Amino acid sequence: MSIELRRARSRQMLIFLLVCVGMLILLGRLYYWQVVRGDELAKLAGSEHIQNQILIAPRGLIYDAQGHILATNVVRDDVYIEPIQFSLDHSPDTFQSDLAKLVDALHRILPAVSQETLYKDFNLNAWTVRIASRIEPWQSQQLRSVQLPDTFLQPRTWRIYPGGMLASQILGFVRQDDKNSAGIYGIERQYDGLLAGKPGSFTAETD
């Protein structure tokens with residue numbers, strides 16, 4: 000057997016061994032992630048999509064001596080988008096055109112949210128981003144009607160005063176965020192323990 004032939008066979012054998020070693024390493028990694036850590040990763044993935052949401056309880060109503068409502072509650076929706084899920088749902092070939100259509104549709108219903116802001120929010124590395132808060136009922140109706148992809152509404156209860164500033168010095172006002180609300184001064188503060196409801200929660204599965 001010639002020296003050149005031996006060298007060629009040696010190279011072939013070396014390449015074969017390298018391929019075998021690479022396959023073994025790959026199989027080992029697959030076994031590690033799918034078998035050894037499979038349950039852990041499944042739980043982690045589930046936690047990304049199943050979230051415990053806090054429900055702010057409606058506050059008690061306030062009436063005057065004649066039975067007119069001085070303080071009550073309304074439910075308004077916040078609007079959220081899912082940037083990471085949108086990128087997973089759309090191929091690179093159609094991503095930009097699909098995003099442009101979605102941004103245009105959102106901006107038409109929510110003109111207060113600029114297209115520039117929407118593009119910026121969709122490029123965030125986040126599962127959910129709130130793009131609008133306390134939108135009007137007609138806007139909620141339109142969004143539910145068109146059912147835009149990777150977009151959802153989250154209802155929240157807000158405190159309102161039908162009389163406006165008429166009795167604000169007596170009634171006070173309520174400070175509220177995503178998790179709770181509290182009376183600051185006036186009747187809202189003095190009787191906060193009676194007016195404040197007990198917050199609830201629910202488990203929500205997101206896409």
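Note that numbering that gives the first Met the number 0 has the sequence shown beginning at 0, numbered continuously upward. Ideal Cβ positions, reconstructed from N, Cα and C, are used throughout, including at glycine. Being a predicted model, the structure only gives us computed values, none of them experimental.
Neighbourhood of residue i by C-beta distance below 8 Å, restricted to the same chain and skipping five residues each side
i	result
L13	none
P288	With the chain covering only 0 through 206, there is no way to say anything about residue 288.
S113	H106
Continuous alpha helix (DSSP H) stretch holding residue i: start and end
i	result
F151	Per DSSP, F151 belongs to no alpha helix (DSSP H); it is in the beta strand (DSSP E), T150 to I159.
T116	Q114 to F121
Residue i and residue j closer than 8 Å at C-beta
i	j	result
D176	I134	no
V102	P154	no
I130	L117	yes
Contacts around residue i, its chain only, beta-carbon distance under 6 Å, and the 5 residues preceding and following it disregarded
i	result
G192	none
S132	D77
G185	I169, L170 and G171
D206	For D206, the pLDDT reaches just 48, beneath the cut-off of 50, and the residue's location in the model is therefore unreliable, leaving the point undetermined.
Nearest residue (CA-CA) to residue i, options the options
i	options	result
N122	L152, P154, A104 and I80	I80
L87	A99, N124 and S113	N124
A70	R174, A181, R158 and N179	R158
W126	T116, S139, F151 and W137	F151
Residues near residue i by beta carbon distance below 7 Å, same chain, minus five either side
i	result
I68	L60, Y62 and P161
A104	V145 and L147
H89	D97
G182	G171, V173, R188, D191 and L194
Span of the beta strand (DSSP E) around residue i
i	result
L69	I68 to I80
S132	V128 to I134
R174	V173 to Q175
G182	S180 to G182
(Q) Taking contact to mean 3 or more Cβ pairs, one atom from each stretch, closer than 8 Å, check whether the region 92–110 and the region 140–147 are in contact. (A) yes
Q.
Contact between the region 162–171 and the region 93–104 is defined here as three or more beta-carbon pairs at a separation below 8 Å; is this criterion met?
A. no
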